[in-house]
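Working notes, beginning with the structure itself.
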Amino acid sequence: MLRSPQAGLKVIAVDEQLRVIYEDNVHFDKDLPEFKTQGGVYIHSDRLTVTSPVLMWVKALDMILEKMKSSGFNFSQVRALSGAGQQHGSVYWKKGSIEILKNASSELPLHQSLKACFSVANSPIWMDSSTASQCSALEKAVGGAQRLASITGSRAYERFTGNQIAKIYSQNPEVYMQTERISLVSSFAASLFLGAYAPIDYSDGSGMNLLQIWEKVWSASCLDACAPGLEEKLGCPVPSHSVLGPICPYYSQRYGFSPDCKVVAFTGDNPASLAGMRLQEGDIAISLGTSDTLFLWIQEPTPALEGHILCNPVDSRTYMALLCFKNGSLMRERIRDDCASGSWDEFSKALSSTAAGNNGNLGFYFDVMEITPEAVGIHRFNKDNQKVSGFPKEVEIRALIEGQFMAKRIHAEKLGYKVMSRTRILATGGASHNKKILQVLSDVFNAPVYTIDTTNSACLGSAYRAIHGLVAETNVSLADVVKLAPEPRLAVTPTTGAEEVSKLGNTIFLLISCLLQNVVVMNSSSKTD
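The numbers in UniProt numbering rise by one with no breaks, and the one at position 203 of the sequence shown is 203.
Structure (structure tokens):
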């Protein structure tokens, strides 16, 4: 139902047929100018520290509920609610705040009651990159980056919550000691509806560098490396489909919610998007935007130094993976401009004029330093695996698109993903409107490609999860609950014979990718000597 993205707060209500019956939003900068944020955040003078004011989030909730009330929305009909928050961000509740939260007067907007409840007024969020020393210390404490990934699903990342907590403890130990509870943005928002501290769910908890993703308990070695007494401040994590309890009386008295309305555990925005896109086992969602992002449903993951493994928000026995590639649409647009006179039609014709596999010609196209693999520059290889300085224009275009998708498949498989006979690829973002690009995607993965509308996927996913939470304990799957939702649209199917070409191309691509990564690593290490 609710989602707290970086720049605002959104709400969606759906009926029993999964039709959207209400939606609205509050824009932090425009609607709450008194907080003086830019894009909903404060970027500090070091350009590394990025925070958001906690009371702005609370006031946004007050504002959106008042807007719903003014519009005549019937709160008494709401049977369950859930939500999503930007991942990794954290909220620090001051000692004694639980009593204020529990006993908030329905005569006052919530932000007035809670204004003295936070030991850290401005919460660190996912954009923050100020914790490099804490990341190094955490990896060292547990036996290295790969060991940390094997425990928590990811190597140490500066934006991840454990490292942010470690920074607060090291720089302001008295503030840490004054804190009785640390919430994620998601569990913080759930706490506001519950009138009590909501637990962190398994899926969002996987983005902290603190949760043992296999046992679904906090890792003692990770907690100890970050701050003392941390387990007590975090509380016990819970399955993402958990019903946390009924909505607190404040909302019944102020807005007319039914006292029987259930609060289902809130989760992170990426896990909620997986629910909103209705991924199932074996599916992949690919967002083809400025950067390209993969969402994967994985049964048996193998955590690596690239990418993230999270507990699955709709099936706690399985996992989801996230992979991000920086060189997405801007790289595609550059090659379009260089090789197709800036025309997508010419670009598509060039793709159609070349065969799958590109006669063995491969390319790596990285305008900016890539995340997976860590490399930069344009690197072309002919069918004899020899590096060459250039390709004919139509070969260049196919080398770019095939190369981008081969990299995605290879890195997905490194994390334990397997293409299955029932695999569907769900494509979103700007490039998903280009059928010729989608055809290459289909051929590389040897799976059909569907297109979906993900304008509000995290918010819609929260609504679906609220419904699912009411029946999840009876082993009903999310897929059963959302059968009435609109189906994705089939765009393309694999070209006959593409599988063999794809297998050979992927093998060669992987070999060259490894060589390329080694060259980059050697070059960078020689510079630091």
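For each residue, glycine too, the CB sits at the ideal point set by N, CA and C.
- Is there contact here, the region 459 to 470 with the region 241 to 251, by at least three beta-carbon pairs under 8 Å? With the cut-off at 8 Å, the region 459 to 470 and the region 241 to 251 touch.
- Item | Those residues which DSSP pairs with GLY363 across a bridge | Bridge pairing for GLY363: ARG380 [DSSP].
- Message: Our contact map puts GLY153 next to SER206 with C-beta atoms below 8 Å; I'd like the distance itself, whole angstroms only.
- Response: With 8 Å as the limit, GLY153 and SER206 qualify as a contact, their Cβ atoms being about 5 Å apart.
- Item | Which listed residue (LEU310, HIS27 and VAL476) has its alpha carbon closest to that of GLN87 | In this structure, LEU310 is the residue among LEU310, HIS27 and VAL476 with its C-alpha nearest to the C-alpha of GLN87.
- Item | 6 Å CB neighbourhood of ASP529 in its chain, flanking five on each side removed | Residue placement at ASP529 is flagged as unreliable, the pLDDT there being 35, under the threshold of 50; a coordinate-derived value is accordingly withheld.
- Item | Three or more C-beta pairs below 8 Å linking the region 169 to 188 and the region 224 to 237 | Yes: at least three Cβ pairs fall under 8 Å.
- If I'm right that ILE437 touches ALA431 with Cβ under 8 Å, what's the distance once you round it to whole angstroms? With a Cβ gap of about 5 Å, ILE437 and ALA431 count as contacting.
- Message: Between the region 50 to 68 and the region 210 to 219, can you find at least three pairs of beta-carbon atoms closer than 8 Å?
- Response: Short answer: they don't touch.
- Message: According to DSSP, simplified to helix, strand and coil, what is PRO246?
- Response: When secondary structure is reduced to three states using DSSP, PRO246 falls in the strand class.
- Query: Quick check: the region 176 to 193 against the region 264 to 278, are there 3 or more CB pairs under 8 Å?
  - Reply: Segments in contact, yes.
- Item | Contact check, ALA356 vs ILE397, beta carbons under 8 Å | In this structure, ILE397 does not lie closer than 8 Å to ALA356 by Cβ.
- Query: Can you give the beta carbon distance from ALA427 to THR455, rounded, assuming they're within the 8 Å contact cut?
  - Reply: Approximately 15 Å separates the beta-carbon atoms of ALA427 and THR455; this is outside 8 Å, ruling out the contact.
- Task: Pick out whichever of ARG422, SER291 and ILE168 has its Cα sitting closest to the Cα of THR372.
- Result: Nearest to THR372 by C-alpha distance, out of ARG422, SER291 and ILE168, is SER291.
- Taking the C-alpha atoms as reference points, what is the distance between ASN122 and GLU500? Spanning the alpha carbons of ASN122 and GLU500 requires a straight line of approximately 54 Å.
- Query: What residues in its chain sit with their C-beta under 7 Å from that of HIS27, if we drop five residues either side in the sequence?
  - Reply: If the five residues before and after HIS27 are omitted, its C-beta is found closer than 7 Å to the C-beta atoms of ALA7 and GLY8, all from its own chain and listed in chain order.
- Task: Verify whether the separation of the beta carbon atoms of LYS262 and PRO246 is less than 8 Å.
- Result: Cβ atoms of LYS262 and PRO246: closer than 8 Å.
- For ARG181, which three-state DSSP category applies? Residue state, collapsed to three classes: strand.
- Item | Residue ranges of each beta strand (DSSP E) within the region 5 to 74, 3 or longer | Runs of the beta strand (DSSP E) lying entirely within the region 5 to 74 and spanning at least 3 residues, in chain order: 8 to 14, 20 to 27 and 50 to 53.
- Enclosing beta strand (DSSP E) for PHE295 [first to last residue]: Here the beta strand (DSSP E) through PHE295 covers 292 to 298.
- Task: Mind checking who MET331 pairs with in its DSSP beta bridge?
- Result: In DSSP, MET331 forms no bridge with anything.
- Item | Expected contact under 8 Å - CB spacing of THR493 and SER442 to nearest Å | About 6 Å separates the two Cβ atoms, so the contact holds.
- Who pairs with ASN122 in a beta bridge, going by DSSP? DSSP lists PRO53 as partners of ASN122.
- Item | Where the alpha helix (DSSP H) containing TRP344 begins and where it ends | Note, TRP344: alpha helix (DSSP H), 344 to 353.
- Task: Mind reading off the beta-carbon distance from GLU158 to ASP128? Whole number of angstroms is fine, and I expect it under 8 Å.
- Result: Going by Cβ atoms, the distance from GLU158 to ASP128 rounds to 7 Å, so yes, they are a contact pair.
- What's the C-alpha gap between VAL476 and ASP315? Cα-Cα distance, rounded: 10 Å.
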